[in-house]
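One structure is given below, encoded as structure tokens.
Number of protein chains: 2
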Amino acid sequence: MGEIALTGVMAALGDPIRVGLVRVLADGRERGWGELQAPVAKSTLSHHLRVLRDAGLTRTRQEGTRCFVILRRQELQARFPGLLQAVLAAAEDEDVGHQVSVKDAAQPA
Amino acid sequence: MGEIALTGVMAALGDPIRVGLVRVLADGRERGWGELQAPVAKSTLSHHLRVLRDAGLTRTRQEGTRCFVILRRQELQARFPGLLQAVLAAAEDEDVGHQVSVKDAAQPA
DNA sequence: TAGCTTGTTCGATGTTTCACGAACATCGAA
DNA sequence: TTCGATGTTCGTGAAACATCGAACAAGCTA
Chain A
169 MGEIALTGVM AALGDPIRVG LVRVLADGRE RGWGELQAPV AKSTLSHHLR VLRDAGLTRT
229 RQEGTRCFVI LRRQELQARF PGLLQAVLAA AEDEDVGHQV SVKDAAQPA
Chain B
169 MGEIALTGVM AALGDPIRVG LVRVLADGRE RGWGELQAPV AKSTLSHHLR VLRDAGLTRT
229 RQEGTRCFVI LRRQELQARF PGLLQAVLAA AEDEDVGHQV SVKDAAQPA
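Protein sequences, first through last, are from chains A and B. Per my numbering, the first sequence starts with residue 169, numbered consecutively. Per my numbering, the second sequence starts with residue 169, numbered consecutively.
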């Protein structure tokens, strides 16, 4: 299940919203669906989150009626050394996915 | 014109054939269209080559009726440090784009 | 000039992706 | 049990994508 295919990952990262999602999750913290703020309908957000999960970029945990996502940093790093950093750096630089953010929730500053 | 956008690059690399093309070009050598061997019609190959060019991954040079492609390694490295290596390494590992190759042509060995 | 080679462009087609709203399933709370 | 919150799934439509074959344009070559 640790299947993470290159083209799948690349394709998943080919969409600004998903890159934004990855950026938001880049701090390694687990986030609840509800915290994720993106300019799309919830069904669409669900879709993007599913694409990320299917591509192996994230992992999902369900707790009661709520879901949580987390970036699979370690696995990613193991399989594609340096890729995540490169993507994140470039995304910062171009401000790709800036439209995605986290709702203030236990934001420690 | 040096515009190389992250999502464009990622999307371009989301197709096995194009990854194969990049692998073949990875040695930094310039190649003629005709040398490129891929299991698609020539119009399709033309299309993929255009996508790569538009994404900023390659550069094309025309000489008479013949065309040559070359990977923009340096620019890529400058804009996305480490990304190309990561992708190439993963592609080798998974053997993505193995269906693409170079016809023996002035192959010095 | 005629013909061959090389690559591009042009539909046509089928698949996939992105997006939305609506309906549905679940869980916890009142 | 009834309600509200949270996600998922479904049906749909528009746009993008991958492919192909055919037609076309441009250079060499005979």
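Where a beta carbon is used, it is the ideal one built from N, C-alpha and C, also for glycine.
Taking the beta carbon of residue i as the centre, do at least 16 other beta carbons fall within 10 Å, making it buried, or is it exposed?
i        : result
B/Val208 : exposed
B/Ala246 : exposed
A/Thr226 : buried
A/Arg199 : buried
Alpha carbon to alpha carbon, how far is residue j from residue i? Give it in angstroms, no decimals.
i        : j        : result
A/Leu220 : B/His215 : 27 Å
A/Ala194 : A/Leu256 : 8 Å
A/Arg186 : B/Gly232 : 43 Å
B/Asp261 : B/Gly176 : 23 Å
A/Asp263 : B/Leu174 : 10 Å
A/Gly196 : B/Lys210 : 45 Å
B/Leu213 : A/Ala259 : 29 Å
B/Pro249 : A/Glu203 : 31 Å
Any idea what DSSP makes of residue i, helix, strand or coil?
i        : result
A/Leu239 : strand
A/Gln247 : The sequence given here has Arg at residue 247 of chain A, not Gln. It is helical.
A/Pro231 : For the record, residue 231 of chain A in the displayed sequence is Glu; it is not Pro. Strand.
A/Gln267 : coil
A/Arg218 : helix
A/Glu197 : Correcting the residue type first, residue 197 of chain A is Arg in the shown sequence and not Glu. A/Arg197: coil per DSSP, three-state reduction.
B/Leu225 : coil
A/Leu252 : helix
B/Leu204 : strand
A/Val189 : According to the sequence as given, residue 189 of chain A is Leu; it is not Val. Note: A/Leu189 maps to helix in three-state DSSP.
A/Glu262 : helix
B/Leu213 : helix
B/Gly176 : helix
Leaving out five residues before and five after residue i in sequence, what residues of the same chain have Cβ atoms less than 6 Å from its Cβ?
i        : result
A/Val190 : none
B/Val192 : Val268, Val270
B/Arg229 : Phe236
Considering only the beta carbon of each residue, do residue i and residue j sit closer than 9 Å?
i        : j        : result
B/Pro184 : B/Gln267 : yes
B/Trp201 : B/Arg240 : no
B/Met178 : A/Ala179 : yes
B/Gly182 : A/Gly265 : no
B/Leu251 : A/Leu217 : no
Leaving out five residues before and five after residue i in sequence, what residues of the same chain have Cβ atoms less than 7 Å from its Cβ?
i        : result
B/Ile238 : Leu193, Glu198, Thr226, Arg227
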